[in-house]
Amino acid sequence: MTENLSLFDLVFPDSPDLKLEKKHARSFDGLICGVDEAGRGPWAGPVVTAAVVLDYKNVPVGLNDSKKLTEAKREALFEEILASALVCAASASPATIDRQNIRTATLSAMVRAVNGLPEVPKYVLVDGRDVPPGLKQPGQALIKGDGRCLCVAAASIVAKVLRDRMMVALDEEFPDYGFAQHKGYGVPAHQAALDKLGPTEHHRMSFKPVRLAAEQ
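My numbering puts the first residue of the sequence shown at 34, with every later residue one more than the last.
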């Protein structure tokens with residue numbers, strides 16, 4: 034019996050696979066890199082990007098969009114990815130985000146992550162709507178790419194785990210803001226801390242809620 038699949042199912046499958054990256058690997062006769070970010074939306078902390086080239090003979094089982102995984106699963110997969118794949122990460126600080134804007138800062142960090150890989154990929158698959166300008170190789174932007182391609186899913190996990198660890202460390206320096214819990218996102222507890230204490234040097238002053246808190 035043939036299952037009826039909608040166009041949405043075909044474009045956004047239930048779990049990522051290797052189809053697209055293997056297709057490009059054949060076409061470009063070389064390494065295919067997945068790129069993703071973590072932390073575009075938060076009011077505080079850096080945005081972190083990651084570039085990952087998988088070893089198709091040793092792909093960690095369970096790779097998926099980092100948001101669909103538990104923290105424990107992300108941490109376990111993070112270690113497997115580092116042990117089996119080519120990985121590089123790059124970040125942009127709140128000061129850089131304020132100076133450039135979040136989109137430009139994120140795309141620039143993605144380029145640095147790709148350029149920092151120990152081997153040069155031939156093609157780049159990027160989660161989102163933009164292929165970062167400045168890449169040395171061609172690439173493709175993929176909406177919900179972390180749920181479609183395993184290399185992008187791996188990049189999403191690396192970026193998420195690294196950023197979460199940064200925010201936990203930041204919580205030790207500023208324990209009254211709850212960074213370990215909300216990771217800098219705009220939840221009510223974060224708003225309350227901003228209203229009471231004002232922003233830290235790690236807040237993004239170009240984001241309206243932070244700017245308003247600073248003006249109080």
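We put the beta carbon where it would ideally sit given N, CA and C, even for glycine.
- The beta carbons of glycine 74 and histidine 235 sit no closer together than 8 Å.
- Boundaries of the beta strand (DSSP E) around serine 124: 119 to 125.
- C-alpha of valine 191 to C-alpha of isoleucine 114: approximately 8 Å in a straight line.
- Of the other Cβ atoms in all chains shown, 16 or more fall within 10 Å of the Cβ of serine 99; this residue is therefore buried.
- Under the DSSP definition of a beta bridge, threonine 103 lacks any partner.
- Distances from the alpha-carbon of aspartate 62 to those of Phe240, Pro154 and Ala84 put Pro154 closest.
- Within the region 145 to 217, the runs of beta strand (DSSP E) that reach at least 3 residues and sit entirely inside it are, in chain order, 156 to 160 and 172 to 175.
- In the DSSP assignment, threonine 82 is bridged to Glu70 and Ala123.
- Straight through space, the alpha carbons of glutamine 214 and valine 194 are spaced by roughly 14 Å.
- By the CB criterion at 8 Å, leucine 158 and glycine 167 fall outside the cutoff.
- For aspartate 50, no alpha helix (DSSP H) encloses it, and the DSSP letter there is neither H nor E.
- Alanine 122 is positioned such that its CB atom lies closer than 8 Å to that of valine 81.
- Proline 127 sits buried, since 16 or more C-beta atoms from the chains shown fall within 10 Å of its C-beta.
- By the neighbour-count criterion, in which a residue is buried when 16 or more other Cβ atoms sit within 10 angstroms of its Cβ, tyrosine 89 is exposed.
- Counted as a single uninterrupted DSSP element, the alpha helix (DSSP H) harbouring lysine 241 occupies residues 241 to 248.
- Assigned with DSSP and collapsed to three states, histidine 236 falls in strand.
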